[in-house]
Every structure is written in C-alpha cells, then in structure tokens.
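To start, the structure under review is shown below, and the notes come after it.
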Amino acid sequence: MRIAIASEGKDSNSEISSAAARAPYFLIYEDNKLIEAMKNPFAIGGGGAGWSVAHIMAKNKVDLFIAGKIGENLESALKGKNITFKEESGKKVSDIFEKM
362 MRIAIASEGK
372 DSNSEISSAA
382 ARAPYFLIYE
392 DNKLIEAMKN
402 PFAIGGGGAG
412 WSVAHIMAKN
422 KVDLFIAGKI
432 GENLESALKG
442 KNITFKEESG
452 KKVSDIFEKM
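The opening position of the sequence shown corresponds to residue 362 in my numbering, with each subsequent residue numbered one higher.
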C-alpha cells in the first residue's frame, strides 16, 4: 500500500500538516518505508490546490492520503481518483505507522 502524508517537514519526525493541499511537503511511503519527500508545488498560491494535489497523488499511485484537515475540494478530488483519505491531527508522521 502506498501512503502519502501531508507534512510540515521532510521526515517522519515532522508534524502532520493541518493544511492538506497547502502542506509544505508530502511524504510518500510504501510498505511503511519512506520512498519520497516531495516539496508541495501548491503550498503557496491561488485557488485550485485540492484538485492539483489529488492529481499528483494519483500520478504517484497513492492508495491512502493522510492530513490534519482535508478541505471539501481535495476530498471531492480524492474521491474522484478513488484515493482513500483520513484526517489525523496533532500527531507526528511516525505516529501513523505505530498504529499499523
């Protein structure tokens, strides 16, 4: 399973970002191993970030997207791409894998 987590930093000790589509980074894991720390090209900018982020997640074959808060546009776009999503707030990225 490939998991993407909206993150405030580049590693598993970082906090999960509360701003899903505007997170500074997306950490992509496969089989609980970090395979990519991707700088979010939509972290700053105008509207439409949710749709663009969902496209990036689909392109990277993400199965599950995790963030502190997922906005309506991103939620709709993820559903349209058949990507499961989950809200997790106030945690570090590493906390996600302790539960698995």
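Glycine residues also receive a C-beta, built at the ideal position from the N, C-alpha and C atoms.
Exercise. Determine the DSSP secondary structure at Phe403, reduced to helix, strand or coil.
Key: coil
Self-check item: Residue interval of the alpha helix (DSSP H) (run including Ala415)
Solution: 410-420
Self-check item: Boundaries (first-last residue) of the beta strand (DSSP E) holding Glu436
Solution: Where Glu436 is concerned, there is no enclosing beta strand (DSSP E), although the alpha helix (DSSP H) around it starts and stops at 433-441.
Practice problem: Locate the alpha helix (DSSP H) running through Glu448, then write down its first and last residues. | Solution: In the DSSP assignment, Glu448 falls outside any alpha helix (DSSP H) and within the unbroken beta strand (DSSP E) covering 445-448.
Exercise. From the DSSP output, read off the bridge partner residues of Lys453.
Key: Glu376
Quiz item: Which residues in the same chain as Ser375 place their Cβ atom closer than 6 Å to its Cβ, once the five residues preceding and following it in sequence are excluded?
Solution: Ser368, Glu369, Val454
Exercise. Answer yes or no: do Ile427 and Ile366 have a C-beta to C-beta separation smaller than 8 Å?
Key: yes
Quiz item: Closest by CA to Ser462, which one among Glu459, Asn443, Gly432, Lys442?
Solution: Beyond the ends of the chain as shown, which are 362 and 461, falls residue 462; an answer cannot be given.
Quiz item: Taking the Cβ atom as the reference point for each residue, do Ile444 and Val414 lie within a distance shorter than 8 Å?
Solution: Contact: no.
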